[in-house]
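To start, the structure under review is shown below, and the notes come after it.
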Amino acid sequence: MASKKGMKKWKIWVLAFSPLLVVILALLMAGLGLFGTLPGFEELEDPTYSRATLIYSADGKVLGRYYVQNRTTVTYDQISPKLIDALVATEDARFYEHSGIDARAMMRAVGKLGRDGGGSTITQQLAKILFHGQDQSGGKAGRLLQKLKEWVIAAKLERTYTKQEIVTMYLNAADFGHEIFGIQTASKVFFDKKPADLDYQEAAMLVGMLKAPSMYSPVRNEKSKERCRLRRNTVLEQMVKYGKIDDATAEKYKKMPLTKSEGKMYERIQRNQYGMGDQAAYFLSELKKDLTTWCKEHRKANGEPYDLHRDGLRIYTTIDSKMQQYAEDAAKEWMAQLQAQFFKTKKGNKNGPFPRNLSTEEIEKKMRADMKSSDRWRNGKKAGLSESEIEKSFHEKTDMKVFSWKGYRDTVMTPWDSLMYYKFFLQCGMMSMETHSGFVRAWVGGIDYRNFKFDHVRAAQRQVGSTFKPIVYSMAMQEHLSPCMQVPNIQVCIDNWCPKNSGSYKEGQMISLQEGLANSINWISAYLMKQYGPTATLKFAEKLGIDVSDIEPVPAICLGTPDITVYEMVGAINTFANKGIHVKPQYLLRIEDKNGNLLEEFYPQRNEALDEQAAYLTIQLMKGVTQGTGGRLRSRYKFTWPVAGKTGTTQNNSDGWFIGTTPDITTGVWVGGEDRQIRFASTAYGQGANMALPIWALYMLKVYNDGQLKYNHGDFAKPRGELSVETNCGEYRSDVLEQNNYNASDDFDNLFEK
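Set out below in structure tokens:
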């Protein structure tokens, strides 16, 4: 009888402990590598995960990141104890007691064959993130095998690191959804805080999201928001259960909303998904093109090319974060007002943002082109949908957030209607560079990168209008003609081309070149073009940094018919303020590896485009613009300091420009519709002086009123030696000129062969 009882007890013991024995045996086999390779000691000493490339401003601020996983690491003392308490209480209450494997949880996991709910410790979760990812393939057996490997790696991690190091590594590696990795990024994106500054509510929400980031998203949709709130409350209850906070504290934070401003949280999430910080999104997008090329052309010590998204490069740029903010603020302030003007002028227009005389067929063609280039269309194609199925989806109403100048707003509309809605928005491009160094200090490529990704500084070529005229006038200054020289203001024809003036300023009279440029008189520009010709003009423009390869040498270029980028035009006009030396706008200083080792340094590219006196005389011509088409710079904006500039307005008001230079800074602004048909009907609204000049003025007032920037507020320096011509037109005297008694030197083209 006793023997039978003993046998029964033995069977019970076998049944009870055989799973444990199986697990121990499996662990030994996994540790020996019989189920596949495991990370070695060196890997455990330095577990590698993709490191984001960081882009720095000239004043040391992080402008943005390029990454596979946007991750910035922090140390243990940079993490709030509230966050660590929330994590341990929720994810691994016995974290400080076990050695990487929780025996109770292990038995539970065996029983569930590795399914969710297997009770992984924080150390096991870290092992999974670092060395296995989120692969759940292979069925029950595969999940159990993965679990065994996690246990072995967890045990090794515990022998290699302290508990503080493990919890820090885990939080640095954790996935919070929305392409947010690591507690530093999560704290910044969700709450605009550092991890050390999180309160209990914020800590609980972030820890709660770890279970299933998409399911518990605080912004994805109403259901996920509610799940996020309930999950946060569960974390707070766990903290009460394990003595980290009392009931009163938990109840206090349960009543709090998930965020003080869902709109701002959503905007930060959007910026993060594009790798952008709070500033310079368009600049970062354009810079990425250059860096991608650089990475392909340069190799690491192991012979592999650099990976912009994984190697943790450090990129140092010339952008000044303060000036960048001033530029973005100025653009935002004026574009919001200008957009209101545009909406008002289009009210009641059956064609929406398009001109009233545009046919329905033409509008349909443009809209269909936009539809087929949209993300929604591309995603539908990737999903294997037919074109008819995708197009049908564009006419089905759906919930969406849309951009407005008053912030994102929730609405219900069809994707087709959203395309038309976004067509209404005017765009801008703006670049500001230091005159002598050539360093680009601010770059605004559009009004909102999240919705309008096309850059209007370097990527967009737009008709430049009268901003090209100083280039034509400077050719006369190179011949040392005076800005005060009198020429006849009569119509000029070159072959069959006979341009008209936009106004009737002193028609038929003798006027100075300075008056001609200040009032943007087409006949005077045509007069100069007749002297020098389009071929010589384009050769000169090329020396100023303009790509002329696609510009046809026709007389009309003197009125600004070519399409040129803001980047090139600002660099060209800057040459006049820089004493005739063209310096290519520079925005990249150096590239370092993740350890701070210098990989490459970049230097300004310079060439002499015209002599110092000619450059100075061109500046004197352009200073007159503030008494002409750019007069509101003084009258409305009270910009009292010396400035030389030029407005530009193109045919049908499709483009408005203003480029202005001071002794230390040259800044150019373009404004117009994404589509050239999107424009003001009235030149009163659509001229460069109304569309672009205000942004320049608002920006430069901020810059000049900032004493810390220490830019020169004085006048342009005169060239060395005596000027060979008079620049004070009040004292200028000249013989009466007949229309045909002046001809440029026959060998003017030789000036451009240097």
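Just add 74 to wherever you are in the sequence shown, counting from 1, and you've got our numbering.
Every residue gets a Cβ at the ideal spot worked out from N, C-alpha and C, and that includes glycine.
Excluding sequence positions up to five away, which residues of its chain have a Cβ less than 7 Å from the Cβ of Ile625?
-> Around Ile625: Leu612, Ile631, Pro636.
Sequence-distant residues of its chain with Cβ nearer than 6 Å to Phe357 (five each side left out) = Taken in chain order, the residues that qualify are Trp517.
Check whether the Cβ atoms of Val486 and Met474 sit closer than 9 Å, and answer yes or no.
-> Result yes, Cβ atoms of Val486 and Met474 sit closer than 9 Å.
Segments assigned alpha helix (DSSP H), at least 4 residues, entirely inside the stretch 628-673 = Entirely contained in the stretch 628-673, the alpha helix (DSSP H) runs reaching 4 residues are, in chain order, 640-651.
Can the beta-carbon of Arg305 be found closer than 9 Å to that of Lys285?
-> Going by C-beta atoms, Arg305 is nearer than 9 Å to Lys285.
Rounded distance between the beta-carbons of Asn376 and His252, thought under 8 Å | Between Asn376 and His252 the Cβ distance is about 33 Å, and since that is not below 8 Å, they are no contact.
Whole-angstrom distance between Ile240 and Leu280, CA atom to CA atom = Taking the straight line joining both Cα atoms gives about 18 Å.
With which residues is Val486 paired in a DSSP beta bridge?
-> Looking at the DSSP assignment, Val486 forms a beta bridge with Asp473.
Are Met339 and Pro269 closer than 9 Å when you measure CB to CB?
-> The answer is no: Cβ separation not under 9 Å.
Kindly say whether Val162, judged by its beta-carbon, lies nearer than 9 Å to any beta-carbon of chain B.
-> Of the protein chains in the structure, only one exists, and it is not chain B.
What residues in its chain sit with their C-beta under 6 Å from that of Phe169, if we drop five residues either side in the sequence?
-> For Phe169, where only same-chain residues beyond five positions count, the Cβ hits under 6 Å are Val162, Ile196.
For Gly747, does the three-state DSSP call read helix, strand or coil?
-> Strand.
Sequence ranges, beta strand (DSSP E) only - wholly within the stretch 381-406, length at least 3 = Within the stretch 381-406, the complete beta strand (DSSP E) segments at least 3 residues long are 388-391, listed from N- to C-terminus.
Relative to the alpha-carbon of Arg706, which residue among Ile655, Pro489, Met765 has its alpha-carbon at the smallest distance?
-> Per the Cα distances, Met765.
Should Gly670 go down as buried or exposed, given a rule of 16 or more other Cβ atoms within 10 Å for buried?
-> Looking at its Cβ environment, which holds fewer than 16 other Cβ atoms inside 10 Å, Gly670 is exposed.
Lys315 burial status per 10 Å Cβ neighbour count (16 or more: buried) | It counts as exposed.
If you draw a straight line from the alpha carbon of Lys370 to that of Gln353, how long is it in whole angstroms?
-> Pairing Lys370 with Gln353, the inter-Cα distance amounts to about 27 Å.
Nearest residue (CA-CA) to Asn727, options Lys712, Val699, Pro716, Thr757 = Among Lys712, Val699, Pro716, Thr757, the Cα nearest to that of Asn727 is on Thr757.
Residues bridged to Glu869 (per DSSP) | Nothing about residue 869 can be reported from this structure: the residues present for the chain run from 75 to 828 only.
Beta carbon of Pro562, beta carbon of Tyr601: below 9 Å?
-> The Cβ atoms of Pro562 and Tyr601 lie closer than 9 Å to each other.
For Tyr235, is the classification buried or exposed, using 16 other Cβ atoms within 10 angstroms of its Cβ as the cut-off for buried?
-> Buried.
Inter-residue spacing [alpha-carbon to alpha-carbon] between Lys299 and Tyr290 | Roughly 7 Å between the two C-alpha positions.
If you drop the 5 nearest sequence neighbours on each side, which residues of the same chain put their C-beta closer than 6 Å to that of Gln275?
-> Excluding its 5 nearest sequence neighbours in each direction, Gln275 has C-beta neighbours in its own chain below 6 Å: Tyr327, Met330, listed in chain order.
Measuring CA to CA, which of Leu662, Gly582, Asn786 is closest to Lys362?
-> Relative to the Cα of Lys362, the nearest Cα in the group Leu662, Gly582, Asn786 belongs to Leu662.
First through last residue of the beta strand (DSSP E) which encompasses Ser586 | Annotation for Ser586: the continuous beta strand (DSSP E) segment containing it runs 584-586.
Specify, as a first and last residue, the run of the alpha helix (DSSP H) that Trp597 falls within.
-> For Trp597, the enclosing alpha helix (DSSP H) covers residues 596-606.
Which term fits Glu796, buried or exposed, when burial requires 16 or more other beta carbons within 10 angstroms of its beta carbon?
-> Within 10 angstroms of the beta-carbon of Glu796 lie fewer than 16 other beta-carbons, which makes it exposed.
Which partner residues does Asp22 have in the DSSP bridge list?
-> Residue 22 lies beyond the range of the chain shown here (75 to 828); nothing can be said about it.
Looking at the unbroken beta strand (DSSP E) that takes in Ala516, where does it start and where does it end?
-> Looking at the DSSP string, the run of the beta strand (DSSP E) that includes Ala516 is 514-518.
Gly634 to Thr541 span [Cα, whole Å] = For Gly634 and Thr541, the gap between their C-alpha atoms comes out near 7 Å.
In terms of residue numbering, what span does the alpha helix (DSSP H) encompassing Gly762 cover?
-> Counting along the chain, Gly762 sits inside the alpha helix (DSSP H) bounded by residues 762-765.
Leu95 - DSSP class collapsed to helix/strand/coil | Because Leu95 carries a pLDDT of 49, less than 50, the predicted location of this residue cannot be relied on, and no value is offered for it.
Enclosing alpha helix (DSSP H) for Glu626 [first to last residue] = Boundaries cannot be given for Glu626, as no alpha helix (DSSP H) includes it and DSSP labels it neither H nor E.
Candidates Gly704, Lys466, Trp715, of which the one nearest Pro489 by Cα | That would be Lys466, whose Cα lies nearest to the Cα of Pro489.
Opening and closing residue of the alpha helix (DSSP H) in which Val538 lies = Annotation for Val538: no alpha helix (DSSP H) segment contains it, and DSSP assigns it neither H nor E.
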